[in-house]
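Notes for the one structure printed next.
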Amino acid sequence: MKVLGACPLDCPDACSWVVTVEDGVATGLRGNKEHPVTRGALCVKVNRYLEQVGAPDRLRYPMRRTGPKGSGRFERISWDDALDEIANRLTGIIDEFGGEAVWPFHGTGSLGYLQGMEGYPGRRLFNLLGASHHRPTICSVAGSAGVRYTLGTSGGMDPEDLAHSRLILLWGTNPLSSGHHVWKFIQDSGAYLVSIDPVRTKTSERCDEHLAPLPGTDAALALGLLHVIVARGAQDDAFIAEHTEGWPEFRDLIAEYTPERVAAITGLTVEQIVGLGERIARTRPTAIRASQGMQRHAGGGMALRVLACLPGVTGDWAIPGGGLHYSTSGHFRLDLAALVRDDLLPHPVRTLSMTKLGENLLETENPPVKALFVIGANPVGSNPDQRRVIEGLSREDLFTVVLEHFGTDTVDYADIVLPATMQPEHLDVLAGYGHLYLIWNEPAIEPPGECLSTTETFRRLARRLGLTEPALYDSDEELMRQLLTGHDLDRLRADGFLKVQPGPVPAGTLQFVSARAELAGHDPLPAYTPPADPGDGLVLISAASQYFLNTIFGSNPELRRRAGEPRITLHPDDAAARGITDGAPVRVANARGSFDSIAEISDRVRPGVAATPKGRWAKFSGGATVNATIAERDADYGGGAVFHDNRVEVYPW
112 MKVLGACPLD CPDACSWVVT VEDGVATGLR GNKEHPVTRG ALCVKVNRYL EQVGAPDRLR
172 YPMRRTGPKG SGRFERISWD DALDEIANRL TGIIDEFGGE AVWPFHGTGS LGYLQGMEGY
232 PGRRLFNLLG ASHHRPTICS VAGSAGVRYT LGTSGGMDPE DLAHSRLILL WGTNPLSSGH
292 HVWKFIQDSG AYLVSIDPVR TKTSERCDEH LAPLPGTDAA LALGLLHVIV ARGAQDDAFI
352 AEHTEGWPEF RDLIAEYTPE RVAAITGLTV EQIVGLGERI ARTRPTAIRA SQGMQRHAGG
412 GMALRVLACL PGVTGDWAIP GGGLHYSTSG HFRLDLAALV RDDLLPHPVR TLSMTKLGEN
472 LLETENPPVK ALFVIGANPV GSNPDQRRVI EGLSREDLFT VVLEHFGTDT VDYADIVLPA
532 TMQPEHLDVL AGYGHLYLIW NEPAIEPPGE CLSTTETFRR LARRLGLTEP ALYDSDEELM
592 RQLLTGHDLD RLRADGFLKV QPGPVPAGTL QFVSARAELA GHDPLPAYTP PADPGDGLVL
652 ISAASQYFLN TIFGSNPELR RRAGEPRITL HPDDAAARGI TDGAPVRVAN ARGSFDSIAE
712 ISDRVRPGVA ATPKGRWAKF SGGATVNATI AERDADYGGG AVFHDNRVEV YPW
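Sequential numbering of the sequence shown, starting at 112, is according to our numbering.
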């Protein structure tokens with residue numbers, strides 16, 4: 112039997128897949144050949160997904176902590192015992208502190224709308240309890256806000272249109288390691304390819320040109336390129352007059368970012384800036400593909416805002432194959448309000464930011480956080496300021512429930528662990544942020560042991576709490592119908608995917624000067640915001656790994672073997688200045704924390720920059736990972752994270 116499904120992981124590709132089932136056992140997994148983006152291929156990580164599903168260390172039964180927090184010692188208990196304990200503890204906490212003392216912490220372990228973060232599973236129950244709202248700020252929020260200030264929508268160009276581009280700027284993105292399906296459209300284009308990345312990645316090596324600016328200087332570079340374009344009179348005056356607002360003010364700002372000034376900011380040469388600016392000036396259509404990593408710094412939102420302006424100056428927004436592709440999420444018009452039911456709230460509640468977990472657990476009062484539900488997340492491995500996160504999770508007065516597949520670093524701090532189903536075992540729907548397709552996920556096999564879907568877990572908890580609101584007990588099929596009002600569910604289920612029609616880009620008049628940004632307290636002009644880490648030393652980039660997806664697959668033996676020991680890449684000049692040789696053990700540190708690694712000396716990184724992949728588990732990495740050095744600071748827009756605005760020193764060890 113062949114069953115159509117969807118990869119739930121935090122990747123723009125949201126692949127459509129086919130599960131082969133024999134006698135109730137999943138025996139094969141491949142990409143759906145019929146899907147126009149997946150085209151039959153999965154990535155090196157997801158090719159091993161069925162190993163995860165059947166892994167011997169997978170969690171299969173509810174557990175209760177028996178040792179100190181962090182010890183990872185548990186005993187198996189029944190679902191009845193687990194639900195009784197959760198219900199009793201929740202009731203006591205709400206009676207004493209109020210509902211806002213409860214925080215449902217959703218992560219990107221799944222991007223499903225029923226079982227994953229996109230639909231906030233359990234939100235109806237938590238709304239009825241008056242729990243704090245969760246704000247998922249860890250990934251793309253700063254950039255999305257910046258794009259909206261310019262375009263009126265966070266949706267950009269259809270990435271399939273990259274096949275029509277003549278020049279493609281791969282800006283802060285490495286699709287050959289993370290989200291590789293877009294590469295097919297890039298190859299189909301025959302376009303001149305420019306990689307803009309502080310690290311010479313696998314993707315950079317396949318491009319015609321590579322520029323390595325200092326991290327966090329992308330907005331300055333974009334303004335410098337615009338300076339070259341405008342100085343040569345290559346702006347599209349007709350498009351600007353008809354489709355934009357604020358051009359005179361923006362043109363004056365562009366004039367300030369001369370190639371000489373931008374070279375000093377970015378660490379590039381004047382010749383590189385002028386050369387690329389002239390190439391953009393004479394090449395239509397030009398497309399920009401940017402991804403989430405480049406906006407994880409103090410000026411991340413502003414950087415995407417400027418990038419969205421660039422095709423407005425050249426007129427590329429009006430040409431197929433031109434524009435900016437950052438995220439397609441803004442094009443999916445699903446009825447999220449009907450799914451999450453915020454109308455069930457008894458009163459307005461506070462919102463707690465995902466990226467401030469340590470701060471919120473240790474400092475928030477009136478009320479303090481007393482109950483934490485961790486759903487599809489591993490914050491010990493994925494959140495900034497690992498030390499503070501661990502300190503918060505170690506509180507004896509914090510009741511922590513974790514819904515999980517494996518014994519992650521975060522599970523070790525749980526009071527109750529609940530075993531969750533994996534993607535071939537439950538119903539769900541996905542919306543890719545790297546394409547325009549809804550993807551249906553049909554359950555293919557029965558879950559092992561006593562694993563339950565996230566939706567069923569919260570239905571059972573609502574029953575144990577004695578709640579009578581009918582909406583808490585809607586089936587998965589009913590939830591799906593409520594979410595997908597106006598979409599052809601029968602066709603979606605039969606075909607496995609359905610392309611949505613994108614809205615117009617820009618959605619109205621492109622805003623070179625944004626009144627909405629000014630109203631929110633930001634600069635009305637899209638300018639340059641420099642990095643903000645006050646530390647010295649090297650700027651550390653912790654980008655996506657070839658073998659892990661965030662911290663998913665971090666316990667897979669084969670992928671851990673392929674990834675090898677934790678390594679940090681240093682430029683030869685920086686290594687020599689520190690007396691560090693290739694293969695030597697080093698300690699990477701700043702005022703926030705430290706982790707140990709092995710030095711790799713290479714000119715793949717530019718001077719002043721170090722790089723290490725993210726996704727390691729602390730328990731397999733000497734007790735700390737790169738996130739021990741990263742601050743719980745906000746980016747400029749939306750409370751986004753600043754993983755790449757991080758200065759460290761590296762010492763021989």
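Using N, Cα and C, we set each Cβ at its ideal position, and we do this for glycine too.
The beta strand (DSSP E) enclosing residue i, as first and last residue numbers
| i | result |
| --- | --- |
| residue 434 | 434 to 436 |
| residue 245 | 244 to 246 |
| residue 354 | No beta strand (DSSP E) holds residue 354; the alpha helix (DSSP H) holding it covers 348 to 354. |
| residue 280 | 278 to 282 |
| residue 462 | 462 to 464 |
| residue 609 | 608 to 610 |
| residue 113 | 113 to 117 |
| residue 305 | 303 to 307 |
| residue 174 | 174 to 176 |
| residue 770 | This structure gives no information on residue 770, because the portion of the chain shown stretches from 112 to 764. |
| residue 708 | 705 to 712 |
6 Å CB neighbourhood of residue i in its chain, flanking five on each side removed
| i | result |
| --- | --- |
| residue 560 | 171 and 172 |
| residue 651 | 721, 757 and 759 |
| residue 193 | 173 and 527 |
| residue 166 | none |
| residue 436 | 267, 268, 270 and 400 |
| residue 183 | 523 |
Exposed unless 16 or more other CB atoms sit within 10 angstroms - verdict on residue i
| i | result |
| --- | --- |
| residue 243 | buried |
| residue 155 | exposed |
| residue 526 | buried |
| residue 701 | buried |
| residue 75 | Residue 75 is absent from the model: the chain starts at 112 and stops at 764. |
| residue 177 | exposed |
| residue 533 | buried |
| residue 571 | buried |
| residue 599 | exposed |
| residue 113 | exposed |
| residue 459 | exposed |
| residue 796 | The requested residue 796 does not occur in the structure, where the chain is confined to residues 112 to 764. |
| residue 731 | exposed |
| residue 630 | exposed |
| residue 586 | exposed |
| residue 771 | Limits of the chain in this structure are 112 at one end and 764 at the other, which puts residue 771 out of reach. |
| residue 187 | exposed |
| residue 667 | buried |
| residue 202 | exposed |
| residue 507 | exposed |
8 Å Cβ cutoff met for residue i and residue j
| i | j | result |
| --- | --- | --- |
| residue 547 | residue 269 | yes |
| residue 466 | residue 494 | yes |
| residue 331 | residue 746 | no |
| residue 401 | residue 418 | yes |
| residue 739 | residue 704 | yes |
| residue 627 | residue 260 | yes |
| residue 130 | residue 137 | yes |
| residue 381 | residue 339 | no |
| residue 325 | residue 309 | yes |
| residue 549 | residue 611 | yes |
| residue 691 | residue 761 | yes |
| residue 697 | residue 712 | no |
Limits of the alpha helix (DSSP H) - the one that residue i falls within
| i | result |
| --- | --- |
| residue 160 | 160 to 164 |
| residue 411 | 411 to 425 |
| residue 764 | Where residue 764 is concerned, there is no enclosing alpha helix (DSSP H), given that its DSSP letter is neither H nor E. |
| residue 200 | 190 to 208 |
Contacting residues, own chain, Cβ-Cβ under 7 Å from residue i (five flanking each side not counted)
| i | result |
| --- | --- |
| residue 286 | 293, 294 and 314 |
| residue 718 | 682, 684 and 685 |
| residue 217 | 228, 231, 245, 247, 486, 487 and 488 |
| residue 555 | 114, 116, 130, 132, 137 and 535 |
| residue 197 | 512, 527 and 572 |
heavy atom of the ligand GTP below 7 Å from residue i C-beta
| i | result |
| --- | --- |
| residue 616 | Because no ligand of any kind appears in the structure shown, any question about the ligand GTP cannot be addressed here. |
Sequence-distant residues of the same chain with beta carbon closer than 8 Å to residue i, five excluded per side
| i | result |
| --- | --- |
| residue 749 | 248, 252, 253, 255, 256 and 412 |
| residue 311 | 321, 323, 714, 715 and 716 |
| residue 204 | 212, 213, 481, 482 and 510 |
| residue 634 | 413 and 628 |
C-beta neighbour in chain B for residue i, strict 8 Å
| i | result |
| --- | --- |
| residue 231 | The chain labelled as chain B is not found in the depicted structure, where only one protein chain is given. |
Residues that residue i bridges to, as DSSP identifies them
| i | result |
| --- | --- |
| residue 484 | 215 and 512 |
| residue 125 | In DSSP, residue 125 forms no bridge with anything. |
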